[in-house]
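Working notes for the structure below.
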Amino acid sequence: MAVIPVEPRPLDDSERAVLEHLLAADFAGAPALRAQLDRTEVTAVWGAGSVSVDLRVRGLERDPAPAFVPLPVDAPVHDDSGEYVGELLVWAEGGVTLSALEYAWVTDEMPTVLPTVDRIRVRAVGGAVGGAMGSGGADGRAG
Numbered sequence: 006m007a008v009i010p011v012e013p014r015p016l017d018d019s020e021r022a023v024l025e026h027l028l029a030a031d032f033a034g035a036p037a038l039r040a041q042l043d044r045t046e047v048t049a050v051w052g053a054g055s056v057s058v059d060l061r062v063r064g065l066e067r068d069p070a071p072a073f074v075p076l077p078v079d080a081p082v083h084d085d086s087g088e089y090v091g092e093l094l095v096w097a098e099g100g101v102t103l104s105a106l107e108y109a110w111v112t113d114e115m116p117t118v119l120p121t122v123d124r125i126r127v128r129a130v131g132g133a134v135g136g137a138m139g140s141g142g143a144d145g146r147a148g
C-alpha cells in the first residue's frame, strides 16, 4: 500500500486510546513516549481505508535519515470469539519519538477501524526500544 499524506491532525479518540494502552506496557522509554501523546499528530495513512498511520510529534526535530524501530511491546488483537486477528505495532523514530501506529491483520478483509482496547492483549517484551525486536523493510518498518 502506498502511504497517503494527510493534513496534520490530532489523534482521534481510537488512535489515542490504542496508543495509551500500548504505551502503558512497562519498558524502558515508555514514560517519555507517553509524554509525547498530547503533541502527536497523524500525517499520513498507509493506504486508502487503512487504520495504520504515520505520526509526528510537534516540537521535535526529525532526523534526516531516521532509523524506525518497533517498540518492545507484544500486542495481539483478538475478535469477540477470542480468535487471533492481527497485531498492533508502534514505531519510534530513533527509538525515542513516536512515528507510526500499524495494525497488521491476518484476516481476509482489511480492518476499517482500530480495535477497542479490550481486544488488545499488551505485554512488554525485551527491554529497551529497538532491543531484541527484528527489523522491518527498507525503511525499518514492517510491510
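The numbering used here puts the first residue of the sequence shown at 6, with every later residue one more than the last.
All residues carry an ideal CB built from backbone N, CA and C; glycine is no exception.
Here Thr121 is exposed: its Cβ has fewer than 16 other Cβ atoms, across all protein chains shown, within 10 Å. DSSP places Leu106 in the strand class (E or B) of the three-state scheme. According to DSSP, Pro10 shares a beta bridge with Ala49.
In this structure, DSSP gives Arg128 an extended state, which the three-state scheme calls strand. Here the segment 19-28 makes no contact with the segment 81-88; the two share fewer than three CB pairs at distances below 8 Å. With distances taken between CA atoms, Ala40 lies nearest to Gly64 out of Val58, Gly64 and Thr48.
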